[in-house]
Structures are given as structure tokens and as C-alpha cells.
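Asks: There's a structure below that I have some questions on.
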Amino acid sequence: MAAELTAHQLIAKHRPTLDQALETIRTRAYWSPHPEHPKAYGEGGSLSLPEGKAAFDALLGTRFDLDQPGTDDWVGGEVSPYGPELGITYPHPDIDTLLPAMRAGMRAWRDAGAEVRAMVSLEILARISARTHELAHAVMHTSGQAFMMAFQAGGPHAQDRGLEAIAYAYVEQARTPDAAKWTKPQGKRDPLALNKRFTPVARGISLLIGCNTFPTWNGYPGLFASLATGNPVLVKPHPRAVLPLALTVRIAREVLADAGFDPNLVCLAAERPGEGIAKTLAVRPEIKLIDYTGSTSFGDWLETNARQAQVYTEKAGVNTVVIDSTDNYKGMLANLAFSLSLYSGQMCTTPQNLLIPRDGITTDAGAKSYDDVVADLAASVSGLLGDDARANGILGALVNPDVKSRLEAAAGLGEVALASREITNPEFPDAVVRTPVIVKLDGAKPDSEAAYLSECFGPVSFAVAVDSATDAVELLRRTVRDKGAMTVGAYTTSDEVSAAVEETCLEECAQLSLNLTGGVYVNQTAAFSDFHGSGGNPAANAALCDGAFVANRFRVVEIRKDA
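Quick note on the working numbering: the sequence shown kicks off at 2 and runs consecutively.
Right, here's the structure in full:
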């Protein structure tokens, strides 16, 4: 079948976007080609909000056929955290049939070259962007994010991260020229002369193991980094969040076919309940790359057992904020309150431990004791979430029963400074919505350490009393070194304390945000500018995105001939 999209058409359409992305990762400035506002969609082939909702509704209760080889069953079982069953079934793979079929298109994909691979990947992203409203509902009803967050984080922000990965992939492949003429002088004799060709060659099939909370945001970097470097990608979604990645796979397959490539370069591996297909796939010899976001235990298992593959993991960490002093007390409290509340704390970047000197802090509003700071933060969270309609828009729903269990258990770990309360969502009465809990702990007591040095994923924060800012910095260092952290925050007006926190984060390889009091929060990162994770502490062995995230997904093979 003739390609509907030629390389020339794709380059003309998407090369300006790639060039801008390349410039932006160099300058680290703000830029996004994907609008954040829902009203920006509905023209030029993109779905409007009602059209996206209708498209999502039309998927419910259907068989999601991808026309991929090796389907031996149909599986499903997703239930929205907001209550309704999705009722969608997906193709279950016969791995022995699917994996060879995925490899069949690798040669043509390799020979297309880095630029064409980038352009095809950008066309996939463009079609995903046009269906942002549909994907937003899919993310909302699999992750429990409130709609606006699902729209932004699951749509434009995820697409930005995918584009960022494509840009880094292109840079690393283009670093070596396609060809070179090599001559070496030999004095009076004729020079030695060789013609050399250099070809980026993919490692093999890439396995993307999706997560429940951010299926697209965490999934797109690995997917597009592997695809743009020539690797087929097998997408294994979290069983509770299949739909967003299944839609992505369907779009990718359509674009690949339209561009004249084998659609089986991107396939889906849905699983039966309790099957654990990720473990089976991860150790297959055909799998050469693995991208994983999730629990530390399974991430450690992958790193230990998937020896044939290059494994990129984002695992759990204990995110910490040092509170020493501030010249904007009200702004600090408001910023922290939102950070603790957003998506019910179900972000890998949400602060957990707030380290506060037991003798209190200095502020522009006067001296504040430890108890004052904790009480005022509790009041700020309560004020933020006091209106139930607003609270539902910030909190979303608890993604699974384990989060609810941890939230309820946290109240027994220490003195409760802010009790969690139940909120009803009028539109989705079956949704489990809870406000955060803040628990006071004494950092000097050994029995508290087990609580604050373990990740408690969900809307749980510990206000840990420490002896001094110096003690806080040392506890921060130990936490990052032993447990890892995706984010670190600090509030201080002291140059000395600021320098100590910065040096700790540099030495322990943790991303730091200092004195955030406005509309930027410690648990949010911007594509093209901010690094998500560092790859240098136990929370993650890779950063989204940098050169290291893509460079090991391919090898350069040289062919040289006598000239």
C-alpha cells in the first residue's frame, strides 16, 4: 500500500516544531506547542470538549480492536475511580507471535533515518493532540485525576514530554554524521583514504510498563525516545489504566501505516487479572529496553532480573521540604497547601516530610513556633479545600483502595494536626474523595523514623520536628541518600542555610526548589526546561529528559570502504 504521508510532506509539516524544540532544550526557556486551555481545541480537525466526551463515551462497553497479530483473547476490567465500569476489552497477546511480528518492520524503520523517524513521531503527537479532550476523559476515568488536571497533565503536558524525548533522541543520533571521507597523509606515498557510513541501529524491542496515576505523562517519554531511535515499542499498560495508552497505540499504528511503515512497530499488551505479564515480558531475550514507573519493589526486581535489557526506572522516594525561615509566610503556606492537596497527593513529586525546627522559624509575620507553623498550614489546607466544589476540582479521587488504607492508617502514627475529611462528588457519588492528613512527628524519636523514612503515597504529610536547620539539612541528606527523592523544597532567608541545602542536593543528586511562594509548585515540572528526577538517587535511575535517557537506546554501526 502506498504511503499517504511522504517524507517530504512530514518534514515540511513538522521540521519547524522539531527545530523549536531543539532550540528550547538548549535555552531551557518556556515553550509549548500544545495549548493548555480546553477552549483552544475544536478547530483544524481537533476535537472540542463535547466531541471529546462523545468520543470517550462511544468507547465504553466496546471491543478495542487494534488489528495486531497474535491476539488470543480479549481482556478488560477497568473501573473508574469515579465509580463507573468502563466495560472495554482489549487484545491479549500471544507473545510468541507478537514479538517476531514487531521485529519485522525494524529494517525499514532503521533505514528511514533519524529525521524521518522524528517526523513520523511528531505526526503521532499531532494526532494525539487533536484528540486531547478524548484522552482527558480516558485519563480522568482511569487515574482519578480531576478533569482539568487530566486534560492538562494527561494532554498537553504529556505531549510536551513526548516531544522533548523526540528532540533529545534526534540530537543524539545527529551527533554523528551519516557519512565521512577519511584521509590520512603518508608523506611521499599516496594518502590512505576510506569512505565511512555511520548508521544509528536500534537495540531491539522496547517494553513500556505503564503506571496507574499518570499513564500518558510518565509513558510518553519512554515511548517516543525508543520509537524515535528506531526501536519497536510494546506498551504494557497498568491494568487499571489501559485506555489512555491503548488510544495512543491505536493512533501510533495509524500514523505508521499512513507513512508507509509497519504498524506493528507499536503494539499493546493488555493482561488478564493477576496475570503479571510484565514479569514474563521483561526477561524475554527480544526485549532490549524497559521503561517503568511504579513501586520500588518491582523496579528493583526489573533492575536485578531483566539483565538483557537497558532498564529505566522511576520508583518511590521520600520528598522533603526544609522550612527554616521565610519573608512571605502567607505565600509559603498557600504554596505548600496546594502542593499537598493537588490530586490528593498522588504524585511522585508531592512533598511528604516537612522538616521544621522545634524552636520555630522567623517570618515576615513575626516568629512562629513549630506548633504555629503546623497549625497555620493545616488552616491553609482547610481554607483551600473548604468549598467542596473547589476541593473536588483539586483533589480528584483516590486512585485505588490502598491509598485510602494508607491515609486511614497514617492518623495512628502521631498527633493529627489536620484530620482528613470525606467529600462527596455530586456528579460521581461513588468516587472516594478525601482531604489530606497532616501528622506531627518528633524527628528525635526512633519510633517516628519508621514513619517518615518510608514513602506513604497519597494525601499524607508528616510535620517533623527537628532540633535546628542544620539538623534538618542532615536529615534531608540521609533521606535522599537512603530513600531517594524526586523533589526537594526549602524555605529560608539565610544564605548559609540556602547554601547548605543546595550543596546537599548537588552531592546527593536531587532536584531542588527554593522559596516557592507563587504559582509554581515543587511537584510540577515544565518540559524542555525542568528535569523530572535526576537518575542520581534511589528514587529513579533516569531523568526525564536528558541525553542519557535516549543515548543508550541505539548504537552507531560503522561501515567503511577503501576509497
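Where a beta carbon is used, it is the ideal one built from N, C-alpha and C, also for glycine.
Could you check whether Val-502 and Val-474 sit closer than 8 Å to each other, using their CB atoms as the reference points?
Replies: yes
Asks: Less than 8 Å between the beta carbons of Ala-543 and Gly-318, yes or no?
Replies: Contact: no.
Asks: Note down the Cα distance separating Ser-499 from Leu-507, rounded to an integer number of angstroms.
Replies: Annotation: Ser-499 to Leu-507 spans about 12 Å, alpha carbon to alpha carbon.
Asks: Specify, as a first and last residue, the run of the beta strand (DSSP E) that Ile-291 falls within.
Replies: 288 to 294
Asks: What are the start and end residues of the beta strand (DSSP E) that includes Lys-197?
Replies: Annotation for Lys-197: the continuous beta strand (DSSP E) segment containing it runs 190 to 203.
Asks: Nearest-angstrom Cα distance between Arg-64 and His-239?
Replies: Taking the straight line from one Cα to the other gives about 18 Å.
Asks: Do you know offhand how far His-15's Cα is from Ala-451's?
Replies: 51 Å
Asks: Kindly list the residues whose CB is nearer than 6 Å to the CB of Gly-537, restricted to its own chain and excluding five residues on each side of it in sequence; keep chain order.
Replies: Cys-510
Asks: Just the C-alpha distance for Asp-360 and Leu-515, rounded to the nearest angstrom, thanks.
Replies: Whole-angstrom Cα-Cα distance: 22 Å.
Asks: For Gly-346, which of helix, strand or coil comes out of DSSP?
Replies: helix
Asks: In terms of DSSP beta bridges, what is Pro-264 paired with?
Replies: Answer by DSSP bridge pairing: none, since Pro-264 is not bridged.
Asks: Can you tell me where the alpha helix (DSSP H) holding Tyr-221 begins and where it ends?
Replies: 221 to 229
Asks: Taking the continuous alpha helix (DSSP H) assigned at Ser-383, which residues delimit it?
Replies: 371 to 385
Asks: Would you decide whether Lys-182 is buried or exposed? Buried here means 16 or more other CB atoms lie within 10 Å of its CB.
Replies: exposed
Asks: Starting from the C-beta of Pro-178, find all residues in its chain whose C-beta is less than 7 Å away, skip the five residues before and the five after it, and write them out in chain order.
Replies: Phe-199
Asks: Quick one: what's got a C-beta closer than 7 Å to Ala-137's C-beta in the same chain, skipping five residues either side?
Replies: Gly-53, Phe-148, Ala-151, Phe-152, Gly-155 and Gly-156
Asks: Inspect the beta-carbon positions of Glu-79 and Val-312 and report whether they are closer than 8 Å.
Replies: Going by C-beta atoms, Glu-79 is not nearer than 8 Å to Val-312.
Asks: Using the Cα positions of Pro-186 and Pro-192, report the straight-line distance between them to the nearest angstrom.
Replies: 4 Å
Asks: Starting from Trp-1, trace the alpha helix (DSSP H) both ways and give me its first and last residue.
Replies: Absent from the structure is residue 1, since the part of the chain shown begins at 2 and ends at 564.
Asks: Which first and last residues belong to the alpha helix (DSSP H) in which Phe-152 is found?
Replies: Start and end: 148 to 155.
Asks: Measure the Cβ-Cβ separation of Val-353 and Val-461 and say whether it is below 8 Å.
Replies: One detail in the question is off: residue 353 reads as Gln in this sequence, not Val. Yes; because the gap between Cβ atoms is below 8 Å, this pair is in contact.
Asks: I'd like to know if the region 158 to 173 and the region 207 to 226 are in contact, where contact means that at least 3 CB-CB pairs between them fall below 8 Å.
Replies: yes
Asks: Hey, how far is the Cα of Gly-346 from the Cα of Phe-458?
Replies: 7 Å
Asks: Could you give the C-beta distance for Ser-227 and Val-236, rounded to a whole number, given that I count them as a contact under 8 Å?
Replies: Not quite, the Cβ-Cβ distance comes to about 10 Å (not below 8 Å), so this is no contact.
Asks: DSSP three-state label for Tyr-299, please.
Replies: Looking at the sequence itself, residue 299 is Phe, so the reference to Tyr does not match. In the structure shown, Phe-299 falls within a helical segment according to DSSP collapsed to helix, strand and coil.
Asks: Roughly how many angstroms separate the alpha carbons of Ala-115 and Val-557, rounded to a whole number?
Replies: Answer to the nearest angstrom: the Cα atoms are 12 Å apart.
Asks: How many Å lie between Glu-124 and Val-551 at the Cα?
Replies: Near 20 Å, if we compare the C-alpha coordinates of Val-551 and Glu-124.
Asks: In whole angstroms, give me the CA-to-CA distance for Asn-320 and Ser-340.
Replies: 12 Å
Asks: If you draw a straight line from the alpha carbon of Arg-273 to that of Ser-370, how long is it in whole angstroms?
Replies: 54 Å
Asks: Which residue or residues does DSSP assign as beta-bridge partners of His-15?
Replies: None; His-15 has no bridge partner.
Asks: Check each candidate in Leu-266, Tyr-492 and Tyr-91 and name the one with the smallest Cα separation from Val-374.
Replies: Tyr-492
Asks: Closest by CA to Asp-563, which one among Ala-55, Thr-184 and Gln-174?
Replies: Thr-184
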